[in-house]
Structure formats: C-alpha cells, structure tokens
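Numbered by this note's numbering, the letters in the sequence shown go through residues 175 to 339 in order. Cβ coordinates follow ideal geometry from the N, Cα and C atoms, glycine included.
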Amino acid sequence: MSATARVTADGLLRFRGETLRCALGSNGVRPIKQEGDGATPAGLLPIRRVFWRADRGPRPVTTLPAEPIAPDDGWCDDASHRDYNTRIRLPHAGRHERLWRDDAIYDVIGVLGWNDAPVVRERGSAIFLHIARAGLAPTEGCVALPEADLRRLLAAGMTAVEILG
Numbered sequence: 175m176s177a178t179a180r181v182t183a184d185g186l187l188r189f190r191g192e193t194l195r196c197a198l199g200s201n202g203v204r205p206i207k208q209e210g211d212g213a214t215p216a217g218l219l220p221i222r223r224v225f226w227r228a229d230r231g232p233r234p235v236t237t238l239p240a241e242p243i244a245p246d247d248g249w250c251d252d253a254s255h256r257d258y259n260t261r262i263r264l265p266h267a268g269r270h271e272r273l274w275r276d277d278a279i280y281d282v283i284g285v286l287g288w289n290d291a292p293v294v295r296e297r298g299s300a301i302f303l304h305i306a307r308a309g310l311a312p313t314e315g316c317v318a319l320p321e322a323d324l325r326r327l328l329a330a331g332m333t334a335v336e337i338l339g
C-alpha cells in the first residue's frame, strides 16, 4: 500500500482512502517555487525526518528518523548564506526562522525534501509538514494539518507528500 499522501491545490489531502482538509501556502501551489513567494511547491516531496517539541508532547509514532528540537534550533532561509535551507543553531548570522516557537505549529514538523539535493539559491526553503493554525489558515508555503491528523498519518506510515498543482 502506498505511503504517499496526495495533496490537491484546493487543500485536500488523500491518504489510504481517507480525505482530509489541509492548509497550503497563501499563494497556492506553484510548479516553480521562489524563496518568500508564499506558495507551496508542486511535486513529490519525501518526508526526510521528523522534529517535535518534547516538552509539549510525546515523540510522534513514525518509522522516519525523529528527534526533539531545542530552544536554539532554527532553519536558515537566507539565500545568500552558505547554510541556506538547512537546520542551524541559534544565534545565527543569516536570516532564519526559529523552530522553537511560542505557538504550537512547530510542535511536530515533517521536514519535506524540497530544494535539498542539491540546494539551489532562491528556490525556496523550509517546506515543512506541520501543525495547522486555527481554521486551517494559509501557511507561508508549507502543508499543515491539525495535530491529531498529522500524528495519525505519521503513525500510519506516511513517508511522502505529492503536491498536485
């Protein structure tokens, strides 16, 4: 049975016969992604690894590599920096986002394989599968689900997300 979830441009995620609503980038799905464009990239994106906030919940059940995040974890989204589109430790000289957040959206993060083999400047960074905001508000380009759904799909063996444009 396939371990790939399929996501449509209208925010429907289908996995093993189930259809769920999900949040996508505020500027929709695009086949050509650029840094900061607010779009979710189209394509088949493997889940490379899972991060979670151990102080806020248990380790997600998954066959994927998983590790807890710490207050000094971040992700570099500075296309001019050598660490572009990689996990970093804070403080960091390049523009970045903090993974340890006050809100809950990064309490569970699936790091999607986007622009990482190799990294291409300005092609987009930090495309995550993460917890959705209330009302499935749009993301900055990620795919987001309610926490219970995200944890359940990871436990059911989801290992990739195919985003259809």
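beta-carbon residue i near the ligand ZN non-hydrogen atom, thresh 7 angstroms
| i | result |
| --- | --- |
| Gly199 | The ligand content of the structure shown is nil, which means the ligand ZN is not present either. |
Buried/exposed call for residue i, threshold 16 Cβ in 10 Å
| i | result |
| --- | --- |
| Thr236 | buried |
| Thr193 | exposed |
| Ala322 | exposed |
| Gly284 | buried |
Pairwise C-alpha distance: residue j and residue i
| i | j | result |
| --- | --- | --- |
| Ala334 | Arg188 | 12 angstroms |
| Gly210 | Pro232 | 32 angstroms |
| Ile378 | Ala177 | The first residue shown for the chain is 175 and the last is 339, placing residue 378 beyond what the model contains. |
| Ala278 | Trp226 | 10 angstroms |
| Gly248 | Val317 | 18 angstroms |
| Pro245 | Ala197 | 26 angstroms |
| Tyr121 | Ala330 | The chain is shown from 175 up to 339; residue 121 falls before or after that span and cannot be answered. |
| Arg256 | Pro320 | 33 angstroms |
| Ile206 | Gly339 | 10 angstroms |
| Asn201 | Leu310 | 14 angstroms |
| Gly268 | Ala228 | 26 angstroms |
Selected residue, minimal CA-CA separation from residue i, among the options
| i | options | result |
| --- | --- | --- |
| Arg307 | Gly287, Tyr280, Ser299 | Tyr280 |
| Glu296 | Leu219, Gly212, Arg272 | Gly212 |
| Gly191 | Gly339, Ala267, Met332 | Met332 |
| Arg275 | Asn289, Leu310, Ile243 | Ile243 |
| Ser254 | Val293, Ile221, Asp247 | Val293 |
| Pro220 | Asp251, Pro265, Arg195, Asp290 | Asp290 |
| Leu238 | Val282, Arg230, Ala183 | Val282 |
| Arg195 | Ala300, Lys207, Arg180 | Arg180 |
| Ser299 | His266, His270, Gly309, Pro320 | His270 |
| Leu218 | Gly268, Thr260, Trp288 | Trp288 |
| Val203 | Leu273, Arg261, Val224, Ile301 | Ile301 |
Three-way DSSP call (helix, strand, coil) for residue i in this model
| i | result |
| --- | --- |
| Arg297 | coil |
| Glu336 | strand |
| Arg223 | strand |
| Glu192 | strand |
| Arg325 | helix |
| Ala308 | helix |
| Ala330 | coil |
| Ala228 | coil |
| Ala244 | coil |
| Ala318 | strand |
Those residues which DSSP pairs with residue i across a bridge
| i | result |
| --- | --- |
| Thr260 | DSSP lists no partner for Thr260. |
| Glu271 | Trp249 |
| Thr313 | Gly199 |
| Arg180 | Arg188, Glu336 |
| Leu238 | None; Leu238 has no bridge partner. |
| Pro215 | Arg204 |
| Gly287 | DSSP output for Gly287 lists no bridge partner at all. |
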